[in-house]
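So the sequences go chain by chain: A and B. Following this note's numbering, the numbering of the first sequence begins with 1 at its first residue and continues without gaps. Following this note's numbering, the numbering of the second sequence begins with 1001 at its first residue and continues without gaps. Where a beta carbon is used, it is the ideal one built from N, C-alpha and C, also for glycine.
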Amino acid sequence: MYPASFNYLRASSVREAISMIGDNEDAKFIAGGHSLVPLMKLRLATPSTLVDIGRLTDLSYVREDGGQIAIGALTRHRDLEISPVLNAKAPIIAKVAGQVGDPSVRHKGTIGGSIAHGDGASDLPAAALALDAVFVAEGPSGRREIKSTDFHKGFLETALAPNEVLVEIRIPANIKSWSFQKFNRRAQDWAIVGVAAVKNGSTRVALINMGSTPLRAAGTESAIQSGASLKEAASQADLGLDPPGDLNATVEFRRHLAHVLVGRALEELG
Amino acid sequence: MKVSMTVNGKSVSRDVEPRTLLVHFIREDLALTGTNVGCDTSSCGACTVLINGESVKSCTTLAVQADGADVMTIEGMASEDGTLHPIQKAFQENHGLQCGFCTPGMVMASYSLIKENDHLDEKAVREGLEGNLCRCTGYHNIVKSVLAAASEMGA
Ligand SMILES: Cc1cc2nc3c(=O)[nH]c(=O)nc-3n(C[C@H](O)[C@H](O)[C@H](O)COP(=O)(O)OP(=O)(O)OC[C@H]3O[C@@H](n4cnc5c(N)ncnc54)[C@H](O)[C@@H]3O)c2cc1C
Ligand code: FES
Ligand code: FES
Chain A
1 MYPASFNYLR ASSVREAISM IGDNEDAKFI AGGHSLVPLM KLRLATPSTL VDIGRLTDLS
61 YVREDGGQIA IGALTRHRDL EISPVLNAKA PIIAKVAGQV GDPSVRHKGT IGGSIAHGDG
121 ASDLPAAALA LDAVFVAEGP SGRREIKSTD FHKGFLETAL APNEVLVEIR IPANIKSWSF
181 QKFNRRAQDW AIVGVAAVKN GSTRVALINM GSTPLRAAGT ESAIQSGASL KEAASQADLG
241 LDPPGDLNAT VEFRRHLAHV LVGRALEELG
Chain B
1001 MKVSMTVNGK SVSRDVEPRT LLVHFIREDL ALTGTNVGCD TSSCGACTVL INGESVKSCT
1061 TLAVQADGAD VMTIEGMASE DGTLHPIQKA FQENHGLQCG FCTPGMVMAS YSLIKENDHL
1121 DEKAVREGLE GNLCRCTGYH NIVKSVLAAA SEMGA
C-alpha cells in the first residue's frame, strides 16, 4: 500500500523545520514515522508535505537537570528503555518504553512522536501524565511550556500548533514508587486498558485506552486523598469516564479492567 | 527525489517518489526479493531489515528516511562464497522454518536481538521476536534456532 503523494523536506535544525512547515496546515512533521506512515498507507492521513525531523539527533538525549530529567523529543523508545539515567532515576519511563510494540518498532518510534500523535491508546503519554510532566514546544516565536494535563485535547488533537515542534519532555527525578500495568491479548499489541501510576508526594493514576485521550483517574485520586481504602479507590477508576467499546473489549469489560488494573497498580505503589 | 544508501555492502542510488516504502525500494528498485511483504500493516515482521545494524519494519519506513543509511537484507547475510551466516545455519539445522515466508524477517530480527543482548534465554527470545509472526512452525524451533545461533555467535 502506497501513501498518497507528498512533498518531502528534510530539516537539519528545529528552526529550519518550523520555517519549512510555514503556515501550510496540510503539512506534517515526521519523526520515526511509526504512527504516521501506517495512517498514510491507509490514506487516513494525506499530508501534502512531510517535514522530516528524524535527523535532529541533538534532540535525542536523556539528562538530569537539577531535580528533573529532561528527555529530548527525538529520543527513540529503545534509547529510553536502556537509558542509565532513566533506569536509575525514573524507571517507569524505561519500563513503559520497553513495552511499546516490539523491538523493531522501538528502533524507530520516538517519545515526542508518541506524545504529539495524541492517541489515548498510547503508553508513554499516560506515563507522562502520571509523572505530571511538562512538555516544551518550539514555534516561530520561541519556546513555551505546556503542562501534560493541558496537552491532549481530543483524539489525535493536541495543544501543539501545526508549526510547533515538541522539543523536550521534563519529568521529576527520583521516582521510587510507580507501577505500570498493560493488559493486552498478544505480546506486541497496544493496551486494551493500561495504567501508569506514580506516588511522589501525592498519588497520580493515569489510564490508557479509557477514552480518546490519555486520562487521569480522577475518581481514584480523590478517593485516595480522602483516605479511602485501596480497594474502594480502585473501584472509582472509571468514575465520570466514557471508555470506548471495540472489537477487543466492550465498554463494560474496559470498566472492569480499569478497576482490576488500578487495584493492582495501587497495591504495587504500596 | 534521489536516494542513496549502502545495501548489503554496496552503494546504491535511485530516483524515487518520496512515498516509496523502503520494502518496495528493496524489492522493486533493487530487485532483492528476499525481503517479504506479509501484512503490510506493521504487524508481522516479514519485511524486517537492518538499518545501521538495528531491526526495522521496512513496510513502515519510507525509502527517503533511510537515505544515507547502511541497510542489510537477508541477501547480505551469507558470505560471498555461499557460506551461510550462523543464524541461517541454525535455522536450517534446527528446523526453524517450514514454508520459509517469515524466515528472512525472523533472521534479521534475530540478528538485531542477538547483537543487543549478552545473555539470551528462551523467554528473552520469545519476547524479542514478538513482532515477527510465523504461521507454520509454532515458534518452538525458531526459538531453538535463535538460542543455538546466539551461543555460536558468543552471546
Ligand atoms: C506495530 C506497532 C505497534 C505499536 N505498539 C504501540 C504500543 O503498544 N504502545 C504505544 O504507545 N505505541 C505503539 N506504537 C506506536 C509507536 O509508539 C510510535 O512510534 C509512536 O506512537 C509515534 O512515534 P514516531 O516517532 O514514530 O512518530 P511519527 O509517526 O513520526 O509522528 C506521529 C505524529 O506526531 C507528530 N510529531 C512527531 N514528532 C513530533 C515532534 N517532535 N513535534 C511535533 N509533532 C511531532 C507527527 O507530525 C505525527 O502527526 C506502535 C506502532 C506500531 C507500528
Ligand atoms: S509486512 Fe511489514 S510488518 Fe508485515
Ligand atoms: S515458516 Fe511459514 S510462516 Fe514461518
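- For B/S1055, the CB contacts under 7 Å within the same chain, skipping 5 residues up- and downstream, are T1048, M1108, A1109, S1112 in chain order.
- Excluding residues up to 5 positions away in sequence, N1008, L1032, G1034 lie with their Cβ nearer than 7 Å to the Cβ of B/E1075 in the same chain.
- Ligand 1 has no heavy atom closer than 7 Å to the beta-carbon of A/F135.
- A/I175 has its alpha-carbon roughly 7 Å from the corresponding atom of A/P91.
- Apart from the 5 residues on each side of it in sequence, A/T203 sits with its Cβ closer than 6 Å to the Cβ of I224 in its chain, given in chain order.
- Residue pairing by DSSP places A/T203 opposite A/K199 in a beta bridge.
- Taking a cut-off of 8 Å on C-beta distances, the segment 128-143 of chain A does not touch the segment 99-110 of chain A, as fewer than three cross pairs fall below it.
- In this structure, DSSP gives A/H152 an extended state, which the three-state scheme calls strand.
- Within the segment 29-52 of chain A, contact with chain B at the beta-carbon level (separation under 9 Å) is assigned to I30, G32, G33, H34, V37, P38, M40, K41, L42, L50, D52.
- Among the residues of chain B, those whose CB is under 8 Å from the CB of A/H107 are I1051, E1054, S1055, V1056, S1112, following chain order.
- Here the alpha carbon of B/C1039 sits roughly 23 Å from the alpha carbon of A/G113.
- Runs of alpha helix (DSSP H) with 4 or more residues, each lying fully within the segment 167-237 of chain A, are found at 218-225, 230-235, listed in chain order.
- At least one CB atom of chain A sits nearer than 8 Å to the CB of B/V1064.
- The beta-carbon separation of B/V1016 and B/D1029, rounded to 7 Å, stays under the 8 Å limit for a contact.
- Closest option to A/V96, judged by alpha-carbon separation, among A/G22, A/F151, A/Q236, A/F180: A/F180.
- B/F1101 has its CB nearer than 7 Å to a heavy atom of ligand 3.
- The three-state secondary structure of A/Q68, taken from DSSP, is strand.
- With a threshold of 8 Å between beta carbons, A/S5 makes contact with chain B.
- Per the coordinates, the alpha-carbon of B/G1082 lies some 38 Å from the alpha-carbon of A/A31.
- No Cβ-Cβ contact shorter than 8 Å links A/P243 with A/G219.
- For B/G1045, the C-beta contacts it makes with chain A under 7 Å involve S104, in order along the chain.
- With respect to the 8 Å criterion, B/V1071 and B/T1006 are classified as neighbours on the basis of their beta carbons.
- The Cβ atoms of B/K1115 and B/G1053 sit closer than 8 Å to each other.
- The straight-line gap separating the alpha-carbon atoms of B/S1058 and B/A1066 is approximately 10 Å.
- In the structure shown, B/A1066 falls within a helical segment according to DSSP collapsed to helix, strand and coil.
- A/G101 belongs to the set of residues whose beta carbon lies under 8 Å from a beta carbon in chain B.
- Residues of the segment 1008-1021 of chain B that bring their beta carbon within less than 9 Å of a beta carbon in chain A comprise E1017, P1018, R1019, T1020, L1021, in sequence order.
- Under the three-state reduction of DSSP, A/K41 is assigned to helix.
- Against A/G54, the close residues of chain B are Q1065, in the order they occur along the chain (beta-carbon pairs closer than 8 Å).
- For A/A97, no CB of chain B lies under 8 Å from its own CB, so it is not counted at the interface with that chain.
- Residue range 1054-1057 is occupied by the beta strand (DSSP E) that includes B/K1057.
- Under DSSP, A/T110 takes part in a beta bridge, and its partners are A/R76.
- Judged by beta-carbon spacing, B/I1087 lies within the 8 Å limit of B/A1149, meaning their Cβ atoms are closer than that value.
- At least one CB atom of chain B sits nearer than 8 Å to the CB of A/A187.
- Across the structure, B/I1142 and A/H34 are spaced so that their CA atoms are roughly 27 Å apart.
- Relative to ligand 1, A/L166 has its C-beta within less than 7 Å of a heavy atom.
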